[in-house]
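Data first, discussion second: the structure below is written as structure tokens.
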Amino acid sequence: MISTQKTETVSIVLDGEEVEVPAGMNLVDAAALFQKEIPHYCYHPQLSVAGNCRMCLIEMGTPMRDRGTGEAILNEDGNPKIGWVPKPVIGCATTVSPGMHVKTISEKVTDCREGIMEFLLVNHPLDCPICDQAGECRLQEFATDYGRGYSRYTERKNVKPKRTRLGPRVTLDDERCILCSRCIRFTQEVAKDDVLGFVDRGSYSTLTCFPGKELENNYSLNTVDLCPVGALTSTDFRFKMRVWFLKESPSICTESSAGCNILVSSREGEIYRITPRRNDDVNDSWMTDSGRSLFKKVRAEDRLAVPSIKQEKSSLDQSIQAAAESLKDKKVAIVGSCHATLEELYLLNRLSKATKSKKYIRGHFGEDDGILLSADRTPNLRGALASGFANAYPRDNLSKLNSDLKKGVVDAVLVVNEDLLSSGVEAESLLGKSIVYLGTHANDTTNLAEVIIPTLTSFEKKGTFINRSFFVQGFEQSIPGLPGLLPDVHILSKLLDELDNENKVTSDFSLIWKNLSSPPNSPFKGMSFSDSLRGSLKVDGAKWKDLPFVESNALHYKK
Amino acid sequence: MKLTEDTLQKIDEVISRYPDKRSASLMVIHLVQEELGAVDLEASEWIADLLDLQPINIRELITFYPMLREKPWGETHVRVCRTLPCALRGSYATCKKLEEKLNVKEGCVSSDGKHSIEFMECLADCGEGPVVMVGDQTFENIDEGKAAKLAQLILDDKLGDTKEFISYEKAVESIQSSKS
Amino acid sequence: MISKKIPKERRVILKNADDPSYSNKISCYIKEGGYDVLKKSLKKKPEEIGEEVLKSGVRGRGGAGFPTGMKWKFLDRKSGKPIYLICNADESEPGTFKDRQIIHKDPHQLIEGMMISAYAIQAKQAFIYIRAEFFEGAKILNRAITEAKAKGFCGENILGSGYSCDLVVHRGAGAYICGEETGLIESLEGKRPNPRIKPPYFPAVLGLYQCPTIVNNVETLCNVKHIMEMGGETFSKIGKPNNTGTRIWCVSGQVKNPGYFEFECGALTLGEMIYDVCGGLLPGRTLQAVIPGGSSAKILRADERFKGTHKDGTDFDWGIEDIPLDFDGPMAAGTMSGSGGIVVMDNTVDMVEAMANINAFYAHESCGQCTPCREGSLWMKKISSRMCSGDAREEDADLLLSVANQIEGRTICAFGEAAAWPTQSFVKKFRKDFLKKAKTQKRKKDSLQLI
């Protein structure tokens, strides 16, 4: 999502047409606003300008003025005479100024692009058949537009180290590198870990790390996304799938409250990789490496696949029935999760009201890295607060539940995706209590559960998370869930039907959102689920501003 | 990696003359190279540490500049200019003759580590080409014939004493002012 | 072509350089009236010195020929950031060896010129970026600076004026690209010397440490001393309008007496320089071509005629010997005077090999930052080397021209033009040699090996 803040505009003439563009923008971005592509390699909107690929060369001119009088000089036809700069200029380094004339397409510009294209291919190896970047390679894309179609180069190409290990997750092929320096600028400016550099000079320049050091920081895979060619590739994704077979669906990362926007690449229901999605308000174009590997959990060995009653396999309907039976007329405790979506937490809240149960929730915390891995390792803690499920800032344990179990205040527990035994609840406290477990993976608690209803991961359902900056971000289903299972909202609404005769709430998202946004002080006033899918929606977090949020200052977040 | 007190002092003094520590990188690398002959990986890390930089920042410089080395040249290093003005006066023949006499190919170090030849770019003394530098002394007008003699003097280690070849630098330094 | 009157040098900068009784110690310099001009200049206002330099019309002697007074005017004095002065003593242009003489033989002239310039632009600190191959030169400069400091001519509180400016000698390490002003600044900052994009990084605004910086050649800074000595007006009368002062020309290649000579701008022609001053070619040889301004300049054929109209309306019709040696003369002939390095080639030279030698130089010295120069220069070198090793093809000449045309004007710095111009001019003017090479695959008879 490109930021749509209103700023002042200037008027320029783009290919003969007068247009308004935001002030301070460079020409590459300005032309993109009007669907005119200026091809480029080294430029990236969120990194400093290097200007070394020379692919974005365009013609620029300003109206000529008489030196003496300052009057505009006119052509015969009355239009102002344009003083075109004799040499082409690079678009990425040129900021728009009022009255400038720009030609993004002309004979000279095409000649420049063809020339640069030819030079880039001169020492580039013929690796397309074995290169992962094929299908999303900018060299391929611009070669179709500006390539010569045949090579005039009959000399020997430069030989450089191939398929070397640059880091634990990144593979480097120096021959493919076009020396755009995006990766170096990224590691210096964003990841703040200066390990990459060029050695040697001229055409023999090679990207490398210092011998003994590696590109191993938690943002190393962003260089793979940044690299316009196949020089930097992901070791995990290497040779797994051709990108044109992949379906890309937008989603939200669940690693922490940073709420990075992601793209899930899948084929026939299998996820092959996760890449970041651009969101200028949340994560720029980056995400952590650790967040990318979360998709492996979908096919993990300990994934719960079949519903069970008393550890015996069962069907979904029967399990829901059995669950309702276990909870009916008991002193119920509902353990929610900060990993649950806003809609699920809303339904859990309704459930707790209907069964008059006590609510418990814990947070998961870790160290804040100041960039995109926040100290709050759950995606929706603020969703728990906003839905009303949590009334105080969650602690990192459930010892209150433990003591309540011991006291006998609670005799049945509905757990959503939390391992009680590693949250400070003792096994003996759970003796004789009915446990209904809704979750995705097996753990010590599921071994004790009476009813297990497997649920779906964030990739297999839709929902909304609220991130650390109080942005409401919705996501849709990316891959089909395991056979025979349903999303959490369906299970919870069925439970509600069983436990509350007057239940009017269903799993219909528009109904849930209507209920969420209708109360007079609701922070979600006027919002719908489809709004949250289109972009990050800011909600007012003032109500909770005095809570002890653990996150530190980071990218796009100020405490 | 040990450096003498003298070098360490010079390094400190050099760093203090620049407003920014990083600017002193080249000068520090020169000082280290002068003493150790080359700046290997251990030395690069030491220099990076000293200047609050990353080792890759130092390695980038060493591999960029031809005069900075990770492996040392021979004890006596001979540089022959190969750019056009000197080439027009026969520097290619000069280099060949030196290779032959010193028994080492250009770009390489002799097996006993004593001699090395570098066929390099313009040494900025084109009027007196072919130009040959031995160590830090610049010798002018070294055609093929003179190259043979020069090589012999290098092998015999008598280049410093001879009157036959006076380097540019010696000629300048030998001028004592009679105007004072 | 022997003329009756051999043009006389006018040694302003090199006045004492080859005097066998003149040493490079400070005592000698002071005896000859050294540092008096500094004393006088410090009594003036800095703007006045800038005015004198502007009035003198002196143009940069490093190769670009940009008026120095104008360059100083572009300096951003209002930013509040410290100002720096850098002397570009990284003489690496093939064919040029004039700064070597000044540094080794008369270093105090440079120091005085620098101190005056530093005072004029109110620089906080001054650097001399000297090439590493001048081992002794760096030692001489350091010694000279220590001597000058001891006498209060540089460093703290210069001559009690209250103005302080420290002078630091910074050694390069063998890269031609460090002669480019922004490459030099990057190298001084301790990074890889990749030139910066202009706009926005004009040194006068965003230079060293992103502060306003002036980068000038050694000869230009020495000229500042002489301008202040004789006055800008007087200086502007030496030479010709727009080509003021004296220039040091370095002649190399196949002449009898190569060397360096200082003449007033326009005082002699190229023919007089080659035949009269340098004694002509070696016996039995005739002139084939001349490169007038260091290897970056376009080559001139000996049998070419240069016709056109000057800016003032007069026509000219020159042979190669008639080209006046100043800034505008070679420019009118379609080349440039550059750094003043004249390389003379006689009829034995194999032109394709000469071009291959130059291409190899540029390919080796390219910094590798931007695509056209990096790939193009190496491609041209590979083609020309292949042509000289028995594998030339007829289409190679056109291919070289096409590649060179794709480099020119598309690069970050002027190195692109410097690499492209030799190839363009060699191919255009000596096309027959290229075609002959493709046919015979042999080096021209009697030519020395050049690649």
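As given, the protein sequences belong to chains A, B and C, one line each in that order.
Under our numbering, the first residue of the first sequence is numbered 856, with each subsequent residue one higher.
Under our numbering, the first residue of the second sequence is numbered 58, with each subsequent residue one higher.
Under our numbering, the first residue of the third sequence is numbered 25, with each subsequent residue one higher.
Cβ atoms here follow ideal geometry from the backbone N, Cα and C, with glycine treated the same way.
Could you say which of A:1114, A:1118 and A:1156 lies nearest to residue 1137 of chain A if we only look at CA atoms?
Here residue 1137 of chain A is taken as the residue at index 282 of the first sequence, counted from 1. For residue 1137 of chain A, the nearest C-alpha among the options comes from A:1114.
In this structure, does DSSP put residue 1404 of chain A in helix, strand or coil?
As a first step, residue 1404 of chain A is located in the first sequence; it is residue number 549 there, counting from the start. Note: residue 1404 of chain A maps to coil in three-state DSSP.
Under 9 Å between beta-carbons, which chain B residues line up against residue 473 of chain C? List them in chain order, please.
As a first step, residue 473 of chain C must be located in the third sequence, where it is residue number 449. For residue 473 of chain C, the neighbours in chain B by C-beta distance under 9 Å run, in chain order, 144, 147, 149, 150 and 153.
Could you give the first and the last residue of the continuous alpha helix (DSSP H) run that contains residue 1065 of chain A?
For the purposes of this step, residue 1065 of chain A is identified with residue 210 of the first sequence, where counting begins at 1. Counting along the chain, residue 1065 of chain A falls outside any alpha helix (DSSP H), and DSSP gives it neither H nor E.
For residue 80 of chain B, go through chain C and note every residue whose CB falls closer than 7 Å to its CB, in chain order.
Sequence index remark: in the second sequence, residue 80 of chain B carries index 23 (1-based). Going along chain C in sequence order, the residues near residue 80 of chain B (Cβ under 7 Å) are 212, 213 and 214.
Classify residue 1346 of chain A as helix, strand or coil using the three-state DSSP reduction.
As a first step, residue 1346 of chain A is located in the first sequence; it is residue number 491 there, counting from the start. It is helical.
Which whole runs of the alpha helix (DSSP H) in the region 1117–1192 of chain A are 4 residues long or more, in chain order?
1144–1147 and 1171–1182
Quick check on the DSSP output: the beta strand (DSSP E) that includes residue 877 of chain A runs from which residue to which?
Here residue 877 of chain A refers to the residue found at position 22 when the first sequence is read from its first residue. Unbroken beta strand (DSSP E) run through residue 877 of chain A: 872–877.
If the cut-off is 9 Å on Cβ atoms, which residues from the region 350–377 of chain C count as contacting chain B, listed in chain order?
365, 367, 368, 369, 370, 373 and 377
First and last residue of the beta strand (DSSP E) that includes residue 1214 of chain A?
Reading the first sequence from its first residue, position 359 is the one you call residue 1214 of chain A. That run of the beta strand (DSSP E) goes 1213–1215.
Does the beta carbon of residue 1054 of chain A sit closer than 8 Å to a beta carbon anywhere in chain B?
In the first sequence, the residue the question calls residue 1054 of chain A occupies position 199. Chain B, which has a Cβ nearer than 8 Å to the Cβ of residue 1054 of chain A, makes this yes.
Hey, quick one: how far does the alpha helix (DSSP H) through residue 123 of chain C stretch, first residue to last?
Here residue 123 of chain C refers to the residue found at position 99 of the third sequence. Where residue 123 of chain C is concerned, the enclosing alpha helix (DSSP H) stretches over 122–129.
Closer than 8 Å, CB to CB, is residue 467 of chain C near chain B or not?
As a working mapping, residue 467 of chain C is identified with position 443 in the third sequence. Interface criterion not met: the Cβ of residue 467 of chain C is under 8 Å from no Cβ in chain B.
Would you say residue 200 of chain C lies against chain B (beta-carbon separation less than 8 Å)?
Within the third sequence, residue 200 of chain C is the residue found at index 176, counting from 1. With 8 Å as the cut-off, residue 200 of chain C counts as an interface residue toward chain B.
Counting only C-beta atoms, is residue 967 of chain A closer than 8 Å to chain C at any point?
In the first sequence, counting from the first residue as 1, residue 967 of chain A sits at position 112. By this cut-off, residue 967 of chain A is an interface position.
So if DSSP puts residue 331 of chain C in a beta bridge, which residue, or which two residues, is it bridged to?
As a first step, residue 331 of chain C must be located in the third sequence, where it is residue number 307. Looking at the DSSP assignment, residue 331 of chain C forms a beta bridge with C:341.
Compare the C-beta of residue 117 of chain B with all C-beta atoms of chain C and state if any pair is closer than 8 Å.
Taking the second sequence and counting its residues from 1, one reaches residue 117 of chain B at position 60. Yes, residue 117 of chain B lies at the interface with chain C (some Cβ there is under 8 Å from its Cβ).
What are the complete beta strand (DSSP E) segments, minimum 3 residues, inside the region 1246–1307 of chain A?
1267–1271 and 1289–1294
By the DSSP assignment, the alpha helix (DSSP H) with residue 112 of chain B in it spans what residues?
Counting from one through the second sequence, the residue named residue 112 of chain B turns up at place 55. Run containing residue 112 of chain B: 112–121, per the alpha helix (DSSP H) assignment.
What did DSSP end up calling residue 172 of chain C once you bin it into helix, strand or coil?
The residue given as residue 172 of chain C occupies position 148 in the third sequence. It is helical.
Taking buried to mean at least 16 other C-beta atoms within 10 Å of its own C-beta, is residue 940 of chain A buried or exposed?
Counting from one through the first sequence, the residue named residue 940 of chain A turns up at place 85. By the 10 Å Cβ count, residue 940 of chain A comes out exposed.
Give the interface partners of residue 176 of chain B over in chain C, defined as CB-CB distance under 8 Å, in chain order.
By 1-based counting over the second sequence, the position of residue 176 of chain B is 119. What residue 176 of chain B touches in chain C: nothing, since even the nearest Cβ is about 11 Å away.
Expressed to the nearest angstrom, what Euclidean distance is found between the alpha-carbon atoms of residue 71 of chain C and residue 186 of chain C?
In the third sequence, residue 71 of chain C corresponds to position 47, counting from 1. In the third sequence, residue 186 of chain C corresponds to position 162, counting from 1. The alpha-carbon atoms of residue 71 of chain C and residue 186 of chain C are separated by roughly 17 Å.
If contacts are defined as beta-carbon pairs under 8 Å, then residue 121 of chain C and residue 183 of chain B qualify, I think. What distance do you get, rounded to the angstrom?
Position 97 of the third sequence holds residue 121 of chain C. Position 126 of the second sequence holds residue 183 of chain B. The pair is a contact, with the Cβ atoms about 5 Å apart (cut-off 8 Å).
Taking the alpha-carbon of residue 319 of chain C as reference, which of C:63, C:90, C:276 and C:344 has the nearest alpha-carbon?
On the third sequence, position 295 is the one that residue 319 of chain C refers to. Here the closest residue by C-alpha is C:276.
I want to see whether chain B comes within less than 8 Å of residue 289 of chain C, judged by CB atoms only; does it?
Residue numbering aside, residue 289 of chain C sits at position 265 when the third sequence is read from its first letter. Taking Cβ atoms only, chain B never reaches closer than 8 Å to residue 289 of chain C, which makes this a no.
Assign residue 280 of chain C to one of two classes, buried (16 or more other C-beta atoms within 10 Å of its C-beta) or exposed (fewer than that).
Locating residue 280 of chain C in the third sequence gives position 256, counting from the first residue. So residue 280 of chain C ends up on the exposed side.
According to DSSP, residue 283 of chain C sits in a beta bridge with which residue or residues?
For the purposes of this step, residue 283 of chain C is taken as residue 259 along the third sequence, with counting starting at 1. Bridge partners of residue 283 of chain C: C:275.
Enumerated in chain order, which unbroken segments of the beta strand (DSSP E) with a length of 3 residues or greater are wholly contained in the region 51–96 of chain C?
none
Report the three-state DSSP secondary structure of residue 210 of chain C (helix, strand or coil).
As a working note, residue 210 of chain C is residue 186 in the third sequence. Reduced to three states, the DSSP call for residue 210 of chain C is helix.
Use the C-beta contact count for residue 161 of chain C: other C-beta atoms within 10 angstroms, 16 or more gives buried, fewer gives exposed.
Taking the first residue of the third sequence as 1, we reach residue 161 of chain C at position 137. Buried, because 16 or more other Cβ atoms sit within 10 Å of the Cβ of residue 161 of chain C.
Can you check DSSP and say which residues form a bridge with residue 177 of chain B?
Within the second sequence, numbered from 1, the residue matching residue 177 of chain B stands at position 120. Paired residues: B:138.
Using the beta-carbon of each residue, which ones in chain B are nearer than 7 Å to residue 237 of chain C?
Counting from one through the third sequence, the residue named residue 237 of chain C turns up at place 213. Within 7 Å Cβ-Cβ: nothing; residue 237 of chain C doesn't reach chain B, min ~12 Å.
So, at 7 Å on beta carbons, what are the nonlocal neighbours of residue 1248 of chain A in its own chain, with the 5 sequence-adjacent residues on each side left out?
Position 393 of the first sequence, counting from 1, holds the residue named residue 1248 of chain A. Excluding sequence neighbours, residue 1248 of chain A sits near 1402 and 1403.
Cutting at 8 Å between CB atoms, please list the residues of its own chain near residue 286 of chain C, excluding the five before and the five after it.
Sequence index remark: in the third sequence, residue 286 of chain C carries index 262 (1-based). Here the set comprises 33, 34, 35, 36, 37, 38, 270, 271, 272 and 273.
Going by CA-CA distance only, name the one from A:1128, A:972 and A:1069 that's closest to residue 1108 of chain A.
Here residue 1108 of chain A corresponds to residue number 253 of the first sequence, with the count starting at 1. That would be A:1128, whose Cα lies nearest to the Cα of residue 1108 of chain A.
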